[in-house]
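Visitor:
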């Protein structure tokens with residue numbers, strides 16, 4: 002009964018450590034999958050979107066849209 006508490010302590014700390022490591026890798030895989038399905042918006046996407054709407058955007062307009070989208074985040 003003397004060293005029983007030490008076994009419980011080490012088992013608990015090992016479980017917490019293993020859970021943290023597993024959680025990190027699961028979250029990392031989930032985030033990579035999310036970014037693959039929903040890529041962040043870039044200048045090329047904005048230009049293409051404006052072209053589809055029938056506009057030829059200037060560099061200034063593209064930058065303004067990109068800045069306004071980045072401020073919302």
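Numbering (my numbering), first residue to last: 2 to 74.
Where a beta carbon is used, it is the ideal one built from N, C-alpha and C, also for glycine.
Take residue 46 as the anchor and find which of 13, 67, 17, 3 has the nearest alpha-carbon.
Guide: Of 13, 67, 17, 3, the residue nearest in Cα terms is 67.
Visitor: How is the alpha helix (DSSP H) around residue 4 delimited, first residue to last?
Guide: Note, residue 4: premise wrong, no alpha helix (DSSP H); not H, not E.
Visitor: Of the residues 35, 21, 62, 41, which one's Cα is nearest the Cα of residue 48?
Guide: Among 35, 21, 62, 41, the Cα nearest to that of residue 48 belongs to 62.
Visitor: Enumerate in chain order the residues of its own chain whose CB-to-CB distance from residue 57 is below 8 angstroms, with the five nearest sequence positions on each side excluded.
Guide: The residues are 51.
Visitor: Specify, as a first and last residue, the run of the alpha helix (DSSP H) that residue 59 falls within.
Guide: Residue 59 -> no alpha helix (DSSP H), and no H or E assigned at all.
Visitor: Could you compute how far the alpha carbon of residue 116 sits from the alpha carbon of residue 31?
Guide: In the structure displayed, the chain extends from 2 to 74; residue 116 sits before or after that span and is not available.
Visitor: If you drop the 5 nearest sequence neighbours on each side, which residues of the same chain put their C-beta closer than 7 angstroms to that of residue 3?
Guide: There are no such residues.
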